[in-house]
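The next block holds one structure in the form of structure tokens; read it before the comments.
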Amino acid sequence: VGGVGMGVLRMVRPWNRWMAVWGYDITGERPVMDDAAARAIVHELLGDRGIEVVIESASVWSVNESSASRYSDGRVFCAGDAVHRHSPANGLGSNTSAQDSYNLAWKLAAVIKGVAGPGLLDTYDAERVPVGQQVVERASRSASDFGQLFNALGLGDGKASARLEDGLDALQVPDAAGAARRRALARAVELKHDEFSAHGVEMNQRYTSSAVIPADDGPEVWARDSELYHQASTRPGAKLPHVWLTDLEGRRISTLDLVGKGAFTLMTGLSGVVWDGAAQSCGEVLGLKPRVARIGVTALDVYGTWSRVTQHMDEAGALLVRPDGQVAWRHDSAVTDVQEASTLLVQALGTILHRPSASPS
242 VGGVGMGVLR
252 MVRPWNRWMA
262 VWGYDITGER
272 PVMDDAAARA
282 IVHELLGDRG
292 IEVVIESASV
302 WSVNESSASR
312 YSDGRVFCAG
322 DAVHRHSPAN
332 GLGSNTSAQD
342 SYNLAWKLAA
352 VIKGVAGPGL
362 LDTYDAERVP
372 VGQQVVERAS
382 RSASDFGQLF
392 NALGLGDGKA
402 SARLEDGLDA
412 LQVPDAAGAA
422 RRRALARAVE
432 LKHDEFSAHG
442 VEMNQRYTSS
452 AVIPADDGPE
462 VWARDSELYH
472 QASTRPGAKL
482 PHVWLTDLEG
492 RRISTLDLVG
502 KGAFTLMTGL
512 SGVVWDGAAQ
522 SCGEVLGLKP
532 RVARIGVTAL
542 DVYGTWSRVT
552 QHMDEAGALL
562 VRPDGQVAWR
572 HDSAVTDVQE
582 ASTLLVQALG
592 TILHRPSASP
602 S
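Under the numbering used here, the sequence shown has 440 at position 199, and the numbering climbs by one with no breaks.
Laid out in structure tokens, this is it:
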């Protein structure tokens, strides 16, 4: 980076395929990246010019910091790098692009098949634009935080590679200046938790749109830093929490194995027998029948974790999970009448699908 022998080696496939990332000074000339130049960079990173290196491809690219204010216009829908570009810091690029696709695909399918109104497609922007903006901001902050690390190592101007050794030596000096350098390095390393351990940025998405029916339980209270720590929740708009269950033959499966695959899933407990009839009513009225997963019948909560995650819900309540794994609707109290369950579920699913006039007979 700027003359200092620092960069990144990422393993693509054990142990013989790697990706090397190296920086250059954007105020100077754009480097020519042929095989010889790329091989020299890899050898510099390895510190051993005797290792044979075969270059598959080499390119020069610039770090961006941009996110679109909308992802769609009429019949045109964009996703991935077309709408959010950022530093590789935090490793959010592919994850975010996949989430865009999961969010959009089921909505397009529902509208094309005629089971949802076109207004459902408007929720793509409402749900994904805020996520893209957060991801770009987080990745950019993580990239800029390297400046403090370089400064602590005495590499602030990034010019002479020999200064890396000088900076490391200075960290070992047993005086006040050395102690100050060590404190600065500790603070700089601590900042990197926001890059390498930011599970909240990766998993704490909370969608707010007309494809989600909010729960009447007030604003969410975050127990810890919402960017660093994942907070599992069954609140509508959140990702269905992963919980280990077992199937009827004792094999361990996740709650995530019970949902998705192009279908809505209604999750309830052993006492939620009426929801089977409610799902049938949805099929008759809306042309879309959710699959029903009754914990205790479909799968077993042998570890008790699902009971803890859903402790605010009655066993005969229900969670409606979208095809992308996000909770769309939650009914906490018990329902024991099929007609009541059918009315509740058809109204909820009809609202989510932008078919509010639908009602069970």
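Yeah, the Cβ is synthetic: ideal placement off N, Cα and C, and Gly gets one too.
CA nearest to the CA of residue i, picked from the options
i: Asn-336; options: Leu-409, Arg-254, Gly-373, Arg-447; result: Gly-373
i: Gly-491; options: Thr-539, Gly-288, Met-508, Cys-523; result: Thr-539
i: Ser-512; options: Val-304, Ala-418, Ser-574, Tyr-544; result: Ser-574
i: Ala-384; options: Val-587, Val-579, Glu-306; result: Glu-306
i: Asp-458; options: Thr-475, Asp-498, Leu-529; result: Thr-475
i: Asp-542; options: Leu-286, Val-526, Ile-494; result: Ile-494
i: Asp-275; options: Asp-266, His-284, Ser-300, Leu-286; result: Ser-300
i: Thr-496; options: Gly-524, Tyr-544, Tyr-365; result: Tyr-544
i: Pro-477; options: Ala-350, Ala-439, Ser-298, Glu-368; result: Glu-368
i: Val-253; options: Gly-269, Arg-290, Glu-297, Gly-503; result: Glu-297
i: His-471; options: Gly-358, Ser-438, Ala-323; result: Ser-438
i: Thr-546; options: Pro-482, Gly-503, Ala-520; result: Pro-482
i: Leu-529; options: Lys-354, Arg-271, Tyr-343; result: Lys-354
i: Val-484; options: Gln-340, Ala-417, Ser-548, Ala-346; result: Ser-548
i: Glu-468; options: Pro-460, His-440, Val-462, Thr-449; result: His-440
Nearest-angstrom Cβ-Cβ length linking residue i and residue j, presumed shorter than 8 Å
i: Leu-489; j: Ile-536; result: Contact flag wrong, Cβ pair sits at about 12 Å.
i: Arg-571; j: Ala-456; result: 5 Å
i: Val-453; j: Ala-330; result: No, Val-453 and Ala-330 are not in contact; Cβ-Cβ is about 30 Å, not under 8 Å.
i: Arg-311; j: Val-352; result: Their Cβ separation, rounded to whole angstroms, is 18 Å, which puts Arg-311 and Val-352 out of contact at 8 Å.
i: Leu-286; j: Gly-248; result: 5 Å
i: Asn-344; j: Tyr-365; result: 6 Å
i: Ser-308; j: Val-324; result: 7 Å
i: His-595; j: Ala-357; result: 6 Å
i: Ala-520; j: Leu-499; result: 14 Å between Cβ atoms; not a contact.
Contacting residues, own chain, Cβ-Cβ under 8 Å from residue i (five flanking each side not counted)
i: Leu-333; result: His-327, Val-376, Arg-379, Ala-380, Val-442, Glu-443
i: Ala-464; result: Tyr-470, Gln-472
i: Pro-359; result: Val-352, His-595
i: Arg-290; result: His-284
i: Pro-272; result: Tyr-265, Ala-278, Val-301
i: Ala-420; result: none
For residue i: DSSP bridge partner residues
i: Gln-567; result: Lys-480
i: Ala-278; result: According to DSSP, which records beta bridges pairwise, Ala-278 is partnered with nothing at all.
i: Leu-250; result: Ala-261
i: Ile-353; result: Partner(s): none; Ile-353 has no beta bridge.
i: His-595; result: Answer by DSSP bridge pairing: none, since His-595 is not bridged.
i: Val-317; result: Asp-314
i: Arg-535; result: Thr-509
i: Thr-487; result: Arg-493, Leu-541
i: Gly-269; result: Answer is none; Gly-269 lacks a bridge partner.
i: Gly-441; result: Note: Gly-441 sits in no beta bridge, so no partner.
i: Val-562; result: Thr-506, Val-568
i: Ser-335; result: Answer is none; Ser-335 lacks a bridge partner.
i: Gly-501; result: Ala-504
i: Arg-326; result: Ser-307
Sub-9 Å separation of residue i and residue j beta-carbons
i: Val-533; j: Gly-558; result: no
i: Glu-581; j: Val-515; result: yes
i: Trp-256; j: Leu-250; result: no
i: Ala-473; j: Val-550; result: yes
i: Ile-207; j: Ala-261; result: An answer regarding residue 207 cannot be provided, because it is not within the stretch 242 to 602 covered by the chain.
i: Arg-423; j: Leu-412; result: yes
i: Pro-531; j: Leu-561; result: yes
i: Gly-321; j: Ser-303; result: no
i: Ser-604; j: Leu-362; result: Absent from the structure is residue 604, since the part of the chain shown begins at 242 and ends at 602.
i: Asp-466; j: Arg-382; result: no
i: Leu-390; j: Lys-348; result: no
i: His-386; j: Ala-429; result: The sequence shown places Asp at residue 386, rather than the His named in the question. Yes, the Cβ-Cβ distance between Asp-386 and Ala-429 is below 9 Å.
Same chain, Cβ closer than 7 Å to residue i, neighbours up to 5 away in sequence not counted
i: Lys-480; result: Met-444, Gln-446, Gly-566, Gln-567
i: Asp-517; result: Val-533
i: Gly-510; result: Arg-535, Ile-536, Gly-537, Glu-556, Ala-557
i: Ala-589; result: Ile-454, Leu-561, Trp-570
i: Leu-396; result: Val-245, Arg-404, Leu-405, Gly-408
i: Ala-279; result: Ile-296, Ala-299
i: Val-294; result: Arg-280, Val-283, His-284
Spatial neighbours of residue i in its chain, beta-carbon cut-off 6 Å, leaving aside the 5 residues before and after
i: Leu-394; result: Gly-408
i: Ile-593; result: Ala-452, Ala-569
i: Gly-613; result: Nothing about residue 613 can be reported from this structure: the residues present for the chain run from 242 to 602 only.
i: Val-579; result: Val-515, Gly-518
i: Ser-450; result: Thr-364, Ala-367, Glu-368
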